[in-house]
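I have placed the structure first, in the form of structure tokens, so that the comments after it can refer back to it.
Numbering (our numbering), first residue to last: -13 to 664.
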């Protein structure tokens, strides 16, 4: 690993503490503010809370009539927060517009994929292209920035809330066509790139192009159309974010700006959106069960934290999590003892410098009135959940040394939104069961179980000159799409001594979703030293196996039939007409190795395989010890001191040998061990 250790500045300048708090909706409590607001300040201090997010979805309270602002209530809240040493994550209210706007300006309402127009209601129900909506957004955001630019409580700007959805109105159609003309030099190039001769879809004029719809050109006809529509939608959100943040940036240039993301939400390429953010934030809601199933759920939650951190390569914000039941889950299960502290320290272990909740105080009405909260309807500090939150607050207060620390990783796993869009559109392999995300998480989990710190990166980063020099191991499950420069960068990485792991369904299409000719895995054929001739999709009850090193490992769902060209065969299929054919290969190229796993396997194979890859590559582990099943170790460092987080996702106790002694972990228990960095 060649990347130097970096100590990052605190997210809020002058606040060198881990931020602890949550979404607060004081505008819902204005009728009882004389008692409720002051009591909220007392309860926040008691819980070790030092930040609150305010103003989210508050447009109707801030601008009840067009052009008439009411900031008095927000003045009072921010003053109270400043008096109580609470940092404000101040939101722009644009996630849900007021009713007067929908009635006066119907153009702001979104049009759905089926070309029906939404009515007023819900949230994120606005057209991102609408000049009126953009004008009103600029006005309210400017008013907020001008009023609170010097307020001592202001710490972070929170733009809107959970961007998502898409609009298919006439304004967006015109903007889409303009976008396409920046992507393609001519209509002929577009037709060739999208292979529109299929089913007579060739376009004769730019005006003939429409966004995907069930009632016309759809993604099932032209995959390139759907792919570019998703890219366009991402650019819409990037452009809208930059429009929305412009007055904040001009008036408060030193206040960081963010918008909260949603893990692997499929509608936006978060790697692209993150380029516009000062700091990345996200909302995490694992479905904890209180059973042994939480090991797998913990691995996925860790993957999402690592992905979020990797978007900008520095500490992020856990903007939302639930301190107890998540009411919109099909089963709103309570957190078992220890789980709230576990999920909170898990976020910090993977690079978060905040632990924040939805919500601080439960509301009395609406669809989230039974969602977990720091303060229950009962209204005091006597609840079990409040005590759990106070425990987190106390632990975080002891970890000032972690603020801004780095999370170095020798391993990178690829997760790519563009690839996912293309892979989920393709008609073949497993209809509806391709499960790209699940495949990536399975490979990631094998490193997580060993306590090997891991970045989760976009394939476009690979093509940046020198980017891969920081890693020893690169893993790219189902690298179906190869964008420009990616294959060449991977080959150079291997030649320099890196270890590359690819799997079935690699190197099928280019950035326009056109198949490569001349044999899969396309431009990676020489790097991997194999030719993938066919891929066999298995029924749910079907099983094959990979026979490797004297053991048999189950193969399921997808088995690719490959020829070893320059690669060495390490393992072979155990049954069916392709029994004995290569299923696991390695190609020694230059100073490095390129492995190919031809089938989807169980966790047992991945654990054994990646255990050998880690040992062979010398990838650094957070703790030089064998970890009990269900326990992971993660590390943050300032270059001098390591903070090793030990996290037990089991409902049973576990022991970990640290080299300096034995650490006993309770069921769902945690520990943070400090050591001098070697």
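C-beta: ideal position from N, C-alpha, C; glycine also.
This structure is a prediction, so every number in the text was calculated from the model and none was measured.
Limits of the alpha helix (DSSP H) - the one that residue i falls within
i, result
"residue 128", "117 to 134"
"residue 411", "403 to 411"
"residue 30", "19 to 32"
"residue 610", "Note, residue 610: premise wrong, no alpha helix (DSSP H); not H, not E."
"residue 58", "58 to 69"
"residue 360", "Looking at the DSSP string, residue 360 is not in any alpha helix (DSSP H), and its letter there is neither H nor E."
"residue 482", "Looking at the DSSP string, residue 482 is not in any alpha helix (DSSP H), and its letter there is neither H nor E."
Under the three-state DSSP convention, the category residue i falls into
i, result
"residue 466", "coil"
"residue 548", "strand"
"residue 333", "helix"
"residue -13", "Model confidence at residue -13 stands at a pLDDT of 48, short of 50, so the residue's coordinates are unreliable; what they give is reported in the following sentence. The answer is coil: DSSP assigns residue -13 none of H, G, I, E or B."
"residue 279", "coil"
"residue 445", "helix"
"residue 508", "helix"
"residue 162", "helix"
"residue 231", "helix"
"residue 215", "helix"
"residue 532", "strand"
"residue 103", "strand"
"residue 369", "coil"
"residue 342", "strand"
"residue 274", "coil"
"residue 347", "strand"
"residue 488", "strand"
"residue 474", "helix"
"residue 320", "coil"
"residue 205", "Because residue 205 carries a pLDDT of 49, less than 50, the predicted location of this residue cannot be relied on, and the following value inherits that uncertainty. Of the three classes helix, strand and coil, the one that applies to residue 205 here is coil, per DSSP."
"residue 392", "strand"
"residue 375", "helix"
"residue 110", "coil"
"residue 646", "coil"
"residue 83", "coil"
"residue 419", "coil"
Sheet register partners of residue i (DSSP bridge)
i, result
"residue 303", "267"
"residue 522", "545"
"residue 651", "640"
"residue 38", "8 and 74"
"residue 513", "According to DSSP, which records beta bridges pairwise, residue 513 is partnered with nothing at all."
"residue 499", "None, per the DSSP bridge assignment."
"residue 537", "534"
"residue 578", "575"
Buried versus exposed, by CB contacts within 10 Å (16 or more), residue i
i, result
"residue 543", "buried"
"residue 503", "exposed"
"residue 508", "buried"
"residue 122", "buried"
"residue 472", "buried"
"residue 144", "buried"
"residue 78", "buried"
"residue 244", "buried"
"residue 665", "Since the displayed the chain opens at -13 and closes at 664, residue 665 lies outside it and no answer follows."
"residue 363", "exposed"
"residue 201", "exposed"
Terminal residues of the beta strand (DSSP E) in which residue i lies
i, result
"residue 144", "140 to 144"
"residue -3", "From DSSP, residue -3 is part of no beta strand (DSSP E); its letter is neither H nor E."
"residue 179", "First-last for residue 179: 173 to 180, but that is the alpha helix (DSSP H), not the beta strand (DSSP E)."
"residue 568", "568 to 575"
"residue 660", "656 to 662"
"residue 557", "554 to 559"
"residue 622", "617 to 623"
"residue 628", "627 to 634"
"residue 54", "From DSSP, residue 54 is part of no beta strand (DSSP E); its letter is neither H nor E."
"residue 258", "Residue 258 -> not in any beta strand (DSSP E); alpha helix (DSSP H) instead, spanning 256 to 260."
Can you confirm whether the segment 414 to 434 touches the segment 566 to 580 when touching is taken to mean that 3 or more C-beta pairs between the two stretches lie within less than 8 Å? no
**Message:** I'd like to know if the segment 294 to 304 and the segment 320 to 339 are in contact, where contact means that at least 3 CB-CB pairs between them fall below 8 Å.
**Reply:** yes
- Sufficient close CB pairs (3 or more, under 8 Å) joining the segment 348 to 366 to the segment 309 to 324: In short, these stretches touch, since the Cβ pair count reaches three.
Original post:
Between the segment 606 to 614 and the segment 463 to 474, do three or more beta carbon pairs fall short of 8 Å?
Top reply: no
TODO: Determine, using beta-carbon pairs with one atom in the segment 66 to 73 and one in the segment 382 to 391, whether at least three such pairs fall under 8 Å.
DONE: no
*Three or more C-beta pairs closer than 8 Å, one from the segment 181 to 190 and one from the segment 157 to 165: is that the case here?*
no
Touch test, the segment 562 to 574 against the segment 505 to 520, Cβ-Cβ under 8 Å, three pairs minimum
Touching, yes.
**Study point:** Given 8 Å, three or more beta-carbon pairs between the segment 396 to 407 and the segment 437 to 448
**Key:** yes
Assess, as a yes-or-no matter, whether the segment 474 to 485 is touched by the segment 427 to 437 under the definition of 3 or more beta carbon pairs within less than 8 Å. no
> Hey, is the segment 247 to 267 in contact with the segment 134 to 152, meaning 3+ C-beta pairs nearer than 8 Å?
Replying inline: Taking 8 Å as the limit for Cβ pairs, the verdict is that the segment 134 to 152 does touch the segment 247 to 267.
request  = Take every Cβ of the segment 23 to 33, pair it with every Cβ of the segment 276 to 293, and state whether three or more of those distances are shorter than 8 Å.
outcome  = no
(Q) So, does the segment 258 to 275 touch the segment 219 to 233, judging by three or more C-beta pairs under 8 Å? (A) With a cut-off of 8 Å, the segment 219 to 233 and the segment 258 to 275 count as touching, because enough Cβ pairs lie within range.
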